[in-house]
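**Q**
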Ligand SMILES: *Cc1c(COP(=O)(O)O)cnc(C)c1O
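In the numbering used here, the protein residues as written are 11 to 679.
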């Protein structure tokens, strides 16, 4: 018999032992931990209330609490909670290793507890005044995320990065675009406002307003725009009539005029944003919200690995340059929502330098909503980078050369989205926005920037503290900041902390990846089981093509039928499902012709039947415009743990194989 306090830890699997105290557990094994800590800090909160002004009379009388009406009212709450709790039983079992569907899993216990406990205090992180404690935590979390990505955060460095939390990745993407517009439109507005005035010479502007070349001004890079803003502040600080000049600039800016009036005053065509075809649907939303129009979202094609094709981005940049259309931003995705793939950010950085040489500039936003936390794998606890060779010893496949280079290029980006409510294992409602240069906050502040004296570090910090002034949201939960802060304290954002959790997700992916290869050998020649896209991270998509079938339409029919065994349909209880997965479609129109050819060859289908036209959506004549794939998000911490009955990842593979055989059985080709 084992001693109760020394459970035998699986030697082969030390990492999941490391974090087994950090989750509630798939069977609620850490119930006692949750209960003890929750009760303890709940009492703590109650005592805090009592000790605020201990001399105050209590507002609710004990005799009142003993009345039947009182008990009845409390009963109404309990009854409602019972109804709610009963309904919640139909929720998705996100905690279970049988759930490999979407980008969510069990939550980290430290963050969960911090969120529940802090909610009792209900701080509002709209400003330092409304949240004396949690706003500092949020700014610290912003700095932690910025450091994780490789940005300089030291206040003395120029630029110094900053970050803050948002309700999710969508809002962080919208904010990125909002700031990019503010920054890129700033210099032309300054030029228009002050050319030909007595400030012109000091600001390096033409003597005659008619000589302002808006194209040139909008193509100034970020650093020289910040420098222009610094100079303007300096010039105005010396003048008694600064307010008049500020007002003049204010009325010239897009934030005042609106996009249409601003563009026609500047005589510029509508600017475009270039994003990969894998871009999340928050990007067209952002274009719509900012009045830029989703028609101005130019999509770059993908290569056969579902990464953006730099040649395609380059061709779009050339087209914009030839037509003198300003490019506001280029978006790179670090961890696409559908495939987990990593765009070659380093190539976008190269293109930025190339374009700068011809007087074309753009900002780079990295949508790392999913992949952001994976950079902890590359971050040493001393702040340095983990070399690729070291990672290659730890993993079987990760990271490929382009994936590693993309992560290393992160500090060159202008702005980044990270979602702590995805790979940060926090409750929903926690996204994050990070920017390389905190001077960005001055461009959108609703209060005049001169109120925040840059020379005074105390005030500079206050500037970041006035969150509601320079971000999109207003009132926001301080509890989310506390939760992220606690998680990052228990698991620092480096390879020895959070990185171990991320590593575990990659272990599960690699186990699945290799298991699928073995399974494919057993299933041949009855069908081809394969990964149409090589996984860059911890999302794995697979497809099954029966026999010697060449039709993508027929393959899709088989896949839809197979997916039926992994789908969570509302008709039957989720408990009847062995495993729950998700699906995605690989669209032909998103691929370059060469990439489509390669994908078709991999799957063994006829490339001429894999077509871009929407009319083929109904699978007519064996053609299809998409490939239906089974998609797995492998973030559950227990997938690779040795358990009675085997590892869940192996049980999944067994179930997959049996499901494929059963589906083939009933399938008439
Ligand atoms: C999830 C995701 C988003 C959107 O984030 P929400 O938190 O759902 O608003 C944006 N981009 C990518 C790449 C994502 O994976």
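Even for Gly, the Cβ is constructed at its ideal location relative to N, Cα and C.
1. Would residue 623 be called buried (16 or more neighbouring beta carbons within 10 Å of its own) or exposed?
2. Let me know the secondary structure DSSP gives residue 167 once reduced to three states.
3. Starting from residue 1, follow the beta strand (DSSP E) in both directions and report where the run begins and ends.
4. Looking at residue 441 and ligand 1, is the gap between the Cβ and the nearest heavy atom below 6 Å?
5. Closest to residue 191 by C-alpha separation, out of 104, 414, 229, 343, would be which residue?
6. With burial defined as no fewer than 16 other Cβ atoms inside 10 Å of the residue's Cβ, what is the status of residue 676: buried or exposed?
7. How would you label residue 631, buried or exposed, when you count the other beta carbons within 10 angstroms and need 16 or more for buried?
8. Decide if the segment 509-517 is in contact with the segment 143-162; the criterion is three or more beta carbon pairs, one per stretch, under 8 Å apart.
9. When DSSP labels each residue in this structure, what does residue 339 get in the three-state scheme?
10. Below 7 Å between beta carbons: does that hold for residue 110 and residue 591?
11. Any residues whose CB sits closer than 7 Å to a heavy atom of ligand 1? List them in chain order?
12. Which word fits residue 304, buried or exposed, when buried means at least 16 other C-beta atoms lie within 10 angstroms of its C-beta?
13. For residue 28, which residues of its own chain have a beta-carbon under 7 Å away from its beta-carbon, when the five flanking residues on both sides are left out?
14. Compute every distance between the C-beta of residue 92 and the non-hydrogen atoms of ligand 2, then say whether any falls below 6 Å.
15. In whole angstroms, what separates the C-alpha of residue 544 from that of residue 412?
16. Since residue 482 and residue 148 should fall inside the 8 Å C-beta cutoff, what is the C-beta to C-beta distance between them, to a whole number of angstroms?
17. If you draw a straight line from the alpha carbon of residue 490 to that of residue 617, how long is it in whole angstroms?
18. In three-state terms, what does DSSP make of residue 266?
19. Considering residue 286, what are the terminal residues of the alpha helix (DSSP H) in which it resides?
20. Does DSSP put residue 525 in a helix, in a strand, or in coil?
21. Any chance you could list the alpha helix (DSSP H) runs of at least 4 consecutive residues sitting entirely within the segment 75-147, in chain order?
22. Rounded to whole angstroms, what is the Cα-Cα separation between residue 107 and residue 588?
23. Going by DSSP, name the residue or residues bridged to residue 174.
24. Could you tell me the alpha carbon to alpha carbon distance between residue 116 and residue 193, rounded to whole angstroms?
25. Counting along the chain, where does the alpha helix (DSSP H) carrying residue 662 start and finish?
26. Relative to the alpha-carbon of residue 585, which residue among 164, 82, 102, 58 has its alpha-carbon at the smallest distance?
27. What residues in its chain sit with their C-beta under 7 Å from that of residue 141, if we drop five residues either side in the sequence?
28. Give the DSSP bridge partners of residue 555, in chain order.
29. Are the Cβ atoms of residue 689 and residue 484 separated by less than 7 Å?
30. Name the one or two DSSP bridge partners that residue 642 has.
31. Assign residue 620 to one of three DSSP states: helix, strand, or coil.
32. Here's a check: name, in chain order, each residue in its chain whose Cβ is nearer than 7 Å to the Cβ of residue 92, leaving out the five neighbours to either side.
33. Within the chosen definition, does the segment 380-394 reach the segment 426-441 through at least 3 CB pairs nearer than 8 Å?
34. Please state whether the Cβ-Cβ distance between residue 658 and residue 649 is less than 7 Å.
**A** The short version:
1. exposed
2. coil
3. Within the shown structure, residues of the chain are numbered from 11 to 679, placing residue 1 beyond reach of any answer.
4. yes
5. 229
6. exposed
7. exposed
8. no
9. strand
10. yes
11. 113, 178, 179, 180, 181, 183, 290, 292, 343, 345, 346, 347, 377, 379, 380, 427, 429, 431, 432, 441
12. exposed
13. 510
14. This structure lacks ligand 2; the ligands present are ligand 1.
15. 13 Å
16. Not quite, the Cβ-Cβ distance comes to about 15 Å (not below 8 Å), so this is no contact.
17. 48 Å
18. helix
19. That residue, residue 286, is in no alpha helix (DSSP H); its beta strand (DSSP E) goes 282-286.
20. helix
21. 78-98, 119-129
22. 11 Å
23. 443
24. 39 Å
25. 658-675
26. 102
27. 133, 134, 135, 488
28. 538
29. What is shown of the chain runs 11 to 679, which leaves residue 689 out entirely.
30. 550
31. strand
32. none
33. yes
34. yes
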